[in-house]
Amino acid sequence: MSGIFISFEGPDGAGKTTALKKLMPLLQAKTDQEIVLSREPGGSPISEKIRKIILDIHDEEMDPRTEALLYAASRRQHLIDVILPTLKAGKIMLSDRFVDSSIAYQGGGRQIGTREVAAVNDFAIDGHLPDLTIYFDVTPAVGLARIKKDHEGAMDRLEKEAISFHNRVYDSYIDLLKENPDRIKKIDAQQSPEQVVQDALKVITEKFPETFNKGE
Ligand SMILES: Nc1ncnc2c1ncn2[C@@H]1O[C@H](COP(=O)(O)OP(=O)(O)OP(=O)(O)O)[C@@H](O)[C@H]1O
Ligand SMILES: Cc1cn([C@H]2C[C@H](O)[C@@H](COP(=O)(O)O)O2)c(=O)[nH]c1=O
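Written out as structure tokens, the structure reads:
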């Protein structure tokens, strides 16, 4: 039995974390394969340590390329510690963010360049791309308003960036969607939380009908 790797992407405040919590039990009810949920940056002990450095609001002077390398390093360790063992065991891996986040945030947002950031990440991921990526589409204005309402006083270093940064991230995601129509599927994340979960469930079960076939 081979595993399935699904990543979840979107601008800050898109609602991925909220949706994943509700999606997990719904998906698990449709398959006998175990589902593992993780996140980036982080997801394993070393990667979580790197996460703290990257998102620390006091690291104002962090160079953009240092930031890109840290995200890639965190990703590499997460891949080795969690993603590959999960897939090798025939389980289903759900990751809240993966390589597309680096292309959008560091490539586009930080203006390092998508090819440059992809090259660094090629070294880190060694060809291991998700089988499916669900992109939560929300405008930066809506996403940031949600975050401000939720935890304005505890916003991280990336969330605190200017709206121009978040607009570039958004534009890069749209480019990624156009460039990867088979792998990346968009859902409207400005709908109600319940509808967002239903749409994500539909995309996943339609893509892998033989895996998510319980209770049909
Ligand atoms: N569909 C929705 N409509 C309105 N508010 C939502 C919706 N989904 C999530 N939210 C709210 O938006 C905020 C951000 O949601 P969440 O943390 O799930 O987003 P996220 O994609 O994980 O963000 P980030 O990547 O920035 O951590 C939370 O306060 C959450 O309750
Ligand atoms: C993986 C990854 C993430 N980011 C950014 C995106 C968010 O602003 C934070 C992560 O916080 P979250 O609340 O866990 O979503 O980091 C990035 O810039 N590059 C990446 O590769």
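Following this note's numbering, the numbering of the sequence shown begins with 892 at its first residue and continues without gaps.
Cβ atoms here follow ideal geometry from the backbone N, Cα and C, with glycine treated the same way.
What you are looking at is a predicted structure, and each value in this text was computed from that prediction instead of being measured.
Based on DSSP bridge pairs, tell me the residues matched to residue i.
i, result
"S1055", "Answer is none; S1055 lacks a bridge partner."
"K1077", "Y1026"
"D987", "F899 and R930"
Among the options, which residue has its Cα nearest to the Cα of residue i?
i, options, result
"Q968", "H949, P932 and V1094", "P932"
"S880", "G981, I1003 and D991", "Residue 880 falls outside the range modelled here, since the chain spans only 892 to 1107, and no answer is possible."
"G1044", "A959, V1033, I1054 and I948", "I948"
"F1014", "Y1026, T1030, L1035 and S965", "S965"
"I1078", "D1041, K1069 and V1088", "V1088"
"Q1002", "L1035, G894, A959 and I1095", "A959"
"S893", "P916, K940 and I974", "I974"
"F1103", "G906, G1018 and P916", "P916"
"I895", "P1021, P1100 and H1057", "P1021"
"D1017", "E951, A920 and A963", "A963"
Check whether the Cβ of residue i sits closer than 7 Å to any heavy atom of ligand 2, and report yes or no.
i, result
"E931", "yes"
"E1007", "no"
"L946", "yes"
"L928", "no"
"Q997", "yes"
With respect to 7 Å, is the separation between the Cβ of residue i and the closest non-hydrogen atom of ligand 1 below this value?
i, result
"P955", "no"
"K907", "yes"
"P916", "no"
So does residue i have its beta carbon nearer than 7 Å to some heavy atom of ligand 3?
i, result
"R1059", "With respect to ligand 3, the structure shown offers nothing to examine, as its ligands consist of ligand 1 and ligand 2."
Review point. Counting pairs of beta carbons, one from the region 991-999 and one from the region 1037-1048, are three or more of them closer than 8 Å?
Key: no
Practice item. Could you say if the region 1100-1107 and the region 933-943 meet the contact criterion of at least three C-beta pairs nearer than 8 Å? Key: no
Point to revise | Stretch pair the region 972-986 + the region 920-928: three plus CB contacts closer than 8 Å | key: yes
Point to revise | Three CB pairs or more closer than 8 Å across the region 1065-1074 and the region 1020-1028 | key: yes
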